[in-house]
Amino acid sequence: MILAVAAIALPSSATAHDHDKIDDNIPLRVEDAYATPYRNREFQGVYRYTRTDGGDNEFLLEPILEVGVWRNAEVELSAPFLLGNSDGRGSGDINLSGLYNFNQEGLWIPALGLKGRLTFPSGEDSEGVDTELKFLATKTLGHSLFYNQLHVNASWMHNDAPLGDERRDNWAAVLGWSARLTPDLVFVADVWREETKVKDEEQNVAEIGLRYQLRPNLTVAFGGGPGFGDESPEFLTTTGIQFSF
């Protein structure tokens, strides 16, 4: 509620967002180390279909409100909703996240960022306030019109009140790459591995996707890919939208 009020009250510094910025789940898991611009207000929507290794169908709908509250800092409020016949634990939880970018990249030093998240147990089969800490790094590769960038994400998650089949702590790692194909079109690829919240379960996925700027304040994104290894999903697809206001 506080973030929503701040988003309405905070004057916008511009009507356009930087569509080269790579955001989590729009359309892939990888994200870059930069925060949304100061005073930028953005609505994001994520729709994902996952075919699990057990043959179940999972549909995720997640509205996100993102605000550039300070220079180099952003805050996000989101709530994922899970549909379908798979395990729906966590559906309806409320997530409050904050990202801080420490520096612009240099000749040899990548841009570095740190993202924290609190997950409040408002959803299905949820107890306790879970936490996540994510390290982010982004480095431009050479000087090219394609604006090639390498991205690395590493996350540690803490489960405050695990159920009987859940871990107390788990981790995830993502390696990604992005390239600007045209002034309005960005290609993204990543590969990630996660030790999930469920005990004795690890997942591996490789994805590719595209981000296209329809208008200065509107970007759409599409992506997906297969899983590989035991417990990994058969495949997943993601559609995302970003609208600055």
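Per the numbering used here, the sequence shown starts with residue 711, numbered consecutively.
No residue lacks a Cβ here, since even glycine has one placed at the ideal position from N, Cα and C.
These numbers come from a predicted model, not from an experiment.
* Report yes or no: do the stretch 898-910 and the stretch 754-768 share at least 3 C-beta pairs separated by less than 8 Å? => no
* Asked: Across which residues does DSSP place Ser888 in a beta bridge pair?
  -> Taking the sequence shown and counting its residues from 1, the one referred to as residue 888 is at position 178. Ser888 is bridged to Gln859, Val898.
* Asked: Pairing CB atoms from the stretch 829-845 with CB atoms from the stretch 810-819, are three or more of them under 8 Å?
  -> no
* To do: Taking Arg799 as the reference, give the member of Arg903, Asp734, Glu905, Gly833 with the closest Cα.
  => Here residue 799 is taken as the residue at index 89 of the sequence shown, counted from 1. Checked all of Arg903, Asp734, Glu905, Gly833; the closest Cα to Arg799 is Gly833.
* Candidates Asp734, Asp742, Val839: which alpha carbon is nearest Gln754's? -> Here residue 754 refers to the residue found at position 44 when the sequence shown is read from its first residue. Among Asp734, Asp742, Val839, the Cα nearest to that of Gln754 belongs to Asp734.
* Asked: For the stretch 744-809, which segments carrying the beta strand (DSSP E) assignment without a break, of at least 3 residues, lie completely within its bounds, in sequence order?
  -> 751-761, 767-780, 783-788, 791-794
* To do: Give the range of the beta strand (DSSP E) segment to which Ile951 is assigned.
  => Mapped onto the sequence shown, residue 951 falls at position 241. Per DSSP, Ile951 belongs to the beta strand (DSSP E) from 945-954.
* **8 Å Cβ cutoff met for Gly935 and Ala916** => Mapped onto the sequence shown, residue 935 falls at position 225. Mapped onto the sequence shown, residue 916 falls at position 206. Contact flag set, yes.
* **Residues of its chain near Glu941, where Cβ-Cβ distance is below 7 Å and the 5 sequence neighbours each way are ignored** => Taking the sequence shown and counting its residues from 1, the one referred to as residue 941 is at position 231. So the qualifying residues of the chain are Asp763, Glu911, Glu912, Gln913.
* **Residues near Asp879 in its chain [Cβ-Cβ closer than 6 Å; skip 5 each side]** => Against the sequence shown, residue 879 aligns to sequence position 169. These residues qualify, in order along the chain: His868.
* If you count every other CB in all the chains shown that lies within 10 Å of the CB of Glu768, and 16 or more means buried, which is it? -> By one-based count along the sequence shown, residue 768 stands at place 58. Label assigned to Glu768: buried.
* Is the Cβ-Cβ distance between Glu815 and Lys849 less than 8 Å? -> Indexing the sequence shown from 1 puts residue 815 at position 105. Indexing the sequence shown from 1 puts residue 849 at position 139. Yes. Within cutoff.
* **Proximal residues to Tyr748 (C-beta, below 6 Å), its chain only, five neighbours per side dropped** => As a first step, residue 748 is located in the sequence shown; it is residue number 38 there, counting from the start. Cβ within range, chain order: Gly778, Arg781.
* **Of the listed residues Leu851, Asn927, Phe897, nearest to Arg751 (C-alpha basis)** => In the sequence shown, counting from the first residue as 1, residue 751 sits at position 41. With distances taken between Cα atoms, Arg751 lies closest to Asn927.
* How long is the line joining the alpha carbons of Ile712 and Tyr922, rounded to whole angstroms? -> Residue mapping note: residue 712 aligns to position 2 of the sequence shown, counting from 1. Residue mapping note: residue 922 aligns to position 212 of the sequence shown, counting from 1. Legend: pLDDT at Ile712 = 45, less than 50; position of this residue unreliable, value from coordinates given subsequently. So the alpha carbons of these two residues sit roughly 31 Å apart.
* Beta-carbon spacing of Thr948, Val740 below 8 Å -> The sequence position of residue 948 within the sequence shown is 238, counting from 1. The sequence position of residue 740 within the sequence shown is 30, counting from 1. No. Outside cutoff.
* Check whether Ala789 and Ala745 have beta carbons under 8 Å apart -> On the sequence shown, position 79 is the one that residue 789 refers to. On the sequence shown, position 35 is the one that residue 745 refers to. Against a cut-off of 8 Å, the Cβ pair of Ala745 and Ala789 comes out as no contact.
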